[in-house]
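If you're matching positions, the sequence shown starts at -10 in the working numbering and goes up one per residue. Beta carbons: idealized from backbone N, C-alpha and C, even for Gly. Note that the structure is predicted; figures quoted are calculated from it, not measured.
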Amino acid sequence: MGKIRIALAGVGNCASALVQGIEYYQRYEEQQTEWPLGLMHRRIGGYGPGDLEVVAAFDIDARKVGRPVSEAIFAPPNCCLKIVPQVSHIPVAVQMAPVLDGVSPHMAKYPPEHSFVVAREKPVDVAQKLKESGAEVLLNYMPVGSEDAARYYAECCLQSGVSFINCMPTFIVSDPDWGARFEKAGIPAAGDDVKSQLGATILHRSLVHLLQKRGLKVDRTYQLNVGGNTDFLNMLNRERLMTKKRSKTEAVSSLLPEDFHQDNLHVGPSDYVPWQKDNKIAFLRIEARGFGGFPMHIELRLSVEDSPNSGGCMIDAVRCVKLARDRGVGGPLTSISAYTMKHPPEVMDDEEARCRVEEFITGTRER
Ligand SMILES: NC(=O)c1ccc[n+]([C@@H]2O[C@H](COP(=O)([O-])OP(=O)(O)OC[C@H]3O[C@@H](n4cnc5c(N)ncnc54)[C@H](O)[C@@H]3O)[C@@H](O)[C@H]2O)c1
């Protein structure tokens, strides 16, 4: 089927997990072994997980700009665990991007091994570089709250005919005006804010759904998340956090009855613990009532490696977007967005989303 040419906007921990994952699955394919560990789909429309190829990358950090992607993914402050001992040389240098609002001022108070260090190079014209690279899909990995930077990359995609996958919570693919622009341009897009393959959001949604299906009434619930990567450090700036909080909260509230009081729902990133690095801990509590009004409490603690956990969804989102390109379908892709994103253009039950993705892959559903 050929390769899927991808561009990375932000070479942080999620990009590191994805690039390492591509190599990991390439080795699996070469060895022709059984069903690979940790994938939701082995092949999508003929594309394997190892068929993604990085052809362009943009960042602003002095320790990443100018270096080959295969080295930059391991540069500080990245702290994603090693999925493979080494990544084969990728002959694509990270290019300096416009900083815009990508770096929160509070980062300067933290030592460089934890925070971003802005490079002095002149920024490139990203739309032009996308065209030159032959990229087909751009993955937007901007830090939370980088509203201008996220929209800049979306504009560059519209100018260059490149598909846009929005992994962070600036509402673009789920925004009707932006969605219409991608539709008009005939460019498929997926977003917003990638879910983890098995993270706090899908677990919280599944438990709430289960309780409701079994006739229990959810009274109150919270989901508190702590971690030690730059995503969590960035989110200490509460002003940047609004969209993330909304995206995570709506992923759960969309399953609750309309009269559920919002004061009884709290979902969000809660603190930054540097020594945790890329390990994320989520604490979840649900208070509910069942038969005859008897009370029931669920307490759950989830410990995951944050960035590899986003890779499982991304590797499917990229292949579905490429499939849409092959079929000449443009605009927001509702099924894969609902399946892999927290804030999709069309909200639906996770099982419904999964069924629609299967239909999309087999070609019985357009988007
Ligand atoms: N499981 C997950 O880790 C997960 C899940 C859902 C969503 N997300 C979201 O994905 C995004 C990326 O997460 P991450 O963990 O890779 O973050 P990160 O902090 O590790 O990486 C962000 C990268 O963007 C770079 N950057 C900043 N401004 C830039 C600009 N203007 N242009 C280009 N690069 C710029 C930084 O130097 C850094 O390399 C975040 O918004 C995060 O909330 C992550």
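*For the alpha helix (DSSP H) holding H193, just list the boundary residues, first then last.*
189 to 202
*Do you know whose CA, among M285, R31, K234, lies nearest R203's CA?*
M285
*Can you give me the Cβ contacts of V92 inside the same chain, cut-off strictly under 8 Å, excluding the 5 residues immediately before and after it?*
I49, F105, V107, P132
_Neighbourhood of P87 by C-beta distance below 6 Å, restricted to the same chain and skipping five residues each side_ = P112
*Could you give the C-beta distance for N129 and A116, rounded to a whole number, given that I count them as a contact under 8 Å?*
No, N129 and A116 are not in contact; Cβ-Cβ is about 14 Å, not under 8 Å.
*asked:* By the three-class DSSP mapping on this structure, what secondary structure does L273 have?
replied: strand
*For Y130, verify whether its CB is less than 7 Å away from any heavy atom of ligand 1.*
yes
*To which residues of the same chain is L213 closer than 6 Å at the C-beta, ignoring the five residues directly before and after it?*
S259, F272
*Can you tell which of P158, P333, V307 has its C-alpha closest to the C-alpha of I350?*
V307
*Taking C68 and D267 to be in contact with their CB atoms under 8 Å, please state how far apart those CB atoms are, rounded to whole angstroms.*
5 Å
*Can you name, in chain order, every residue of its own chain whose Cβ lies under 7 Å from the Cβ of G39, other than the five neighbours on each side?*
I11, Y14, Q15, E18
*What whole-angstrom Cβ distance do P177 and V310 have, given they're in contact under 8 Å?*
5 Å
*Note down, one range per segment and in chain order, each beta strand (DSSP E) of at least 3 residues found wholly within the region 135 to 193.*
152 to 155, 177 to 179
_Buried/exposed call for S236, threshold 16 Cβ in 10 Å_ = buried
_Any heavy atom of ligand 1 closer than 7 Å to the beta-carbon of A157?_
A quick correction: the sequence has Met, not Ala, at residue 157. Flag set: Cβ of M157 near ligand 1.
*asked:* With distance defined between alpha-carbon atoms, name the residue in V76, V54, G27 nearest to S5.
replied: V76
*Just confirm the distance between the C-beta atoms of R(-6) and G123, as a whole number of angstroms; I'd bet it's less than 8 Å.*
6 Å
*What does a CB cutoff of less than 7 Å around P80 pick up in its chain, not counting 5 residues either side in sequence?*
P57
*According to DSSP, is F280 helix, strand or coil?*
helix
*Return the residue from the list A174, Y328, T210, P246 that minimises the CA-CA distance to I304.*
Y328
_P297 - containing alpha helix (DSSP H), residue span_ = 295 to 315
*asked:* Here's the rule I'm using: 16 or more other beta-carbon atoms within 10 Å means buried, otherwise exposed. How should W264 be labelled?
replied: exposed
*If you compare alpha carbons, which of E340, Q84, A51, V8 is closest to P74?*
V8
*V183 CB to nearest heavy atom of ligand 1 below 7 Å*: yes
*If we ignore side chains and look at the alpha-carbon of each, how far apart do G282 and G180 end up?*
40 Å
*Compare the beta carbon distance of V241 and H193 with 8 Å and say whether it is the shorter of the two.*
yes
*For R290, does the count of other Cβ atoms within 10 angstroms reach 16, so buried, or fall short, so exposed?*
exposed
*Taking buried to mean at least 16 other C-beta atoms within 10 Å of its own C-beta, is S292 buried or exposed?*
exposed
*Indicate whether P411 and G168 have their beta-carbon atoms separated by less than 8 Å.*
What is shown of the chain runs -10 to 356, which leaves residue 411 out entirely.
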